[in-house]
Amino acid sequence: MAVLLLAGSAAAQAPSAEALAVAGQVLDRQDWRALTQRCPASLMPEVQSFAYLNRNHCRTGQMQSCLAECAQSDAGACYWLAEALQEARVASPASEALFQRACQLGIVSGCTNRAAGLFNERQDDLEVQACAARTYDKACQADDPWACTMQAMHLSRGLGVKQDRQQALKVLQKSCKYGPEDPACTYGQKLKAAILNDAKSPTK
């Protein structure tokens, strides 16, 4: 899950012409761009879509067809195209719009990823912190492991929510849904160790 974005090296391969073209078409969709202004928590539907887990066809050479399917409300196509654009190192606005559309169409991980992108863009914005915290809380209740890890991070630091280390440790119990090697779990375990270490410090 592409939640925490890290800067690439200067020698990183430039985005392909295909990826740049598709990203441009995504950004031409004013309705999709407008949707990114809303908090993902307000878009998360009651009924989740899981079909995307069994089908990822949004790879190099298939991005245009994937975009067409996303436009036809295929949640998985929107989600995996967002991932593909991130992997292609295309600037984030297009992938953020796609994650938000995937969120609206029923993929909880899309909501989690959009909340993370929003927070990465404006970490000091109190409204953004609160939006991200609400989204992670709701997505964690829907058993999205990355959301639980991110919710724990917000709880442990008091970002957009009252600081509560005990609750942070509690939600981290749901971070390893996909096993110990899953990034949500490995990051969650590091966060757990940091929380426990902070609790031992008399200055915290």
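If you count by our numbering, then the sequence shown holds residues -8 to 195, one letter each, in order. C-beta: ideal position from N, C-alpha, C; glycine also. Here the structure is a predicted model, which means the values were calculated and not measured.
Measuring only the C-alpha atoms, how far is residue i from residue j?
i	j	result
S0	K153	Note that S0 has pLDDT 40, beneath the 50 cutoff, so the model's placement of it is unreliable and the number below is only indicative. Taking the straight line joining both Cα atoms gives about 36 Å.
R156	K181	14 Å
L96	A10	23 Å
A185	C176	14 Å
M141	Q16	31 Å
V81	K165	31 Å
K183	L163	7 Å
Q91	P31	7 Å
L18	D116	24 Å
A143	V13	35 Å
S83	N104	12 Å
A93	C69	5 Å
L160	Q114	22 Å
Y169	N188	26 Å
Measure the CB-CB distance between residue i and residue j and report whether it falls below 8 Å.
i	j	result
A106	C131	no
S64	L76	no
W71	C49	yes
S7	A73	no
K129	M54	no
S33	I98	no
Please classify residue i as buried or exposed, where buried requires at least 16 other C-beta atoms within 10 Å of its C-beta.
i	result
L146	buried
G179	buried
S100	buried
Y43	buried
Y127	buried
G151	buried
R125	buried
Run through DSSP, which three-state label would residue i get?
i	result
E78	helix
P136	helix
L34	coil
K181	helix
N188	helix
E60	helix
H48	coil
Query - Complete runs of the beta strand (DSSP E) confined to the segment 77 to 134 [at least 3 residues] - result: none
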